[in-house]
Amino acid sequence: MALKTCCCCIPLKEGTITIGILGIILSVINIITLFTTNIRNRIILIEYLDKSVVVIILTINLIMTILISTLLIIGAIKRNIYLMLPWVILGIMCVVGLVGSVLYTVIMLYIQSKVLDGSLYLLFGILAIVIYLYIWGVVYSYFQEVRLTKNDGKMGPYGKPYYYRRP
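Residues 0 to 166 (numbering that gives the first Met the number 0) make up the sequence shown, in order.
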């Protein structure tokens, strides 16, 4: 079921652009935090690597997120599905990764008899998954809207109307 608006009152295009901008802002904040604080980042697969290696891997990931969010913004403005597609694909992959991460962490906390921590992590993890799914749904709905508009014959494959002629 396609969404018609973002947050019940914002058009999908503006919601998609806002989501792209927020993705860039949060990634920049996260990069700054990585380099200015002494937080130990624990990740399942790379938990035993040196802290500097983990910071480099996470920074590359965040730079890619900035790039893909920039493509999302440009794609939403120009109504180009090919520029929005990387974010749509990455978004659903992140949801799957988030579900796996929440399940793994909750199970490990329960195994360690940290029931309260596990329950709180499960609660906030489910909340994060629902929010991320909604954000992805907004972008995907706009992606589908643009794609269907182009397929109706109103737009050419590159976002220009079929009757468009160069001056």
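From the three backbone atoms N, C-alpha and C, an ideal C-beta is built for every residue, glycine too.
Quick caveat: nothing in here was measured; it's all calculated off a predicted structure.
Between Tyr120 and Val105, the beta carbon gap of about 6 Å places them in contact (Cβ cut-off 8 Å). Residue range Lys50 to Lys77 is occupied by the alpha helix (DSSP H) that includes Ser51. Annotation: Lys113 is outside any alpha helix (DSSP H) and is labelled neither H nor E by DSSP. With a cutoff of 8 Å on beta-carbon distance, Gly74 and Leu82 are scored as near each other. In this structure, DSSP gives Asn29 a helical state, which the three-state scheme calls helix. Ile72 places its beta carbon less than 8 Å from that of Ile16.
Collapsing the DSSP output to three states places Thr148 in a helix.
Within 10 angstroms of the beta-carbon of Val87 lie 16 or more other beta-carbons, which makes it buried. Taking the Cα positions, Ile28 is about 31 Å away from Glu144. In the three-state reduction of the DSSP assignment, Thr36 falls in the coil class, being assigned neither a helical nor a strand state.
In this structure, Ile18 places its C-beta atom within 8 Å of the C-beta atom of Val138. In this structure, Leu132 sits near Val94, with a CB-CB distance shorter than 8 Å. Across the structure, Phe34 and Lys50 are spaced so that their CA atoms are roughly 11 Å apart. One thing to note: Cys7 has its Cβ no nearer than 8 Å to the Cβ of Gly14.
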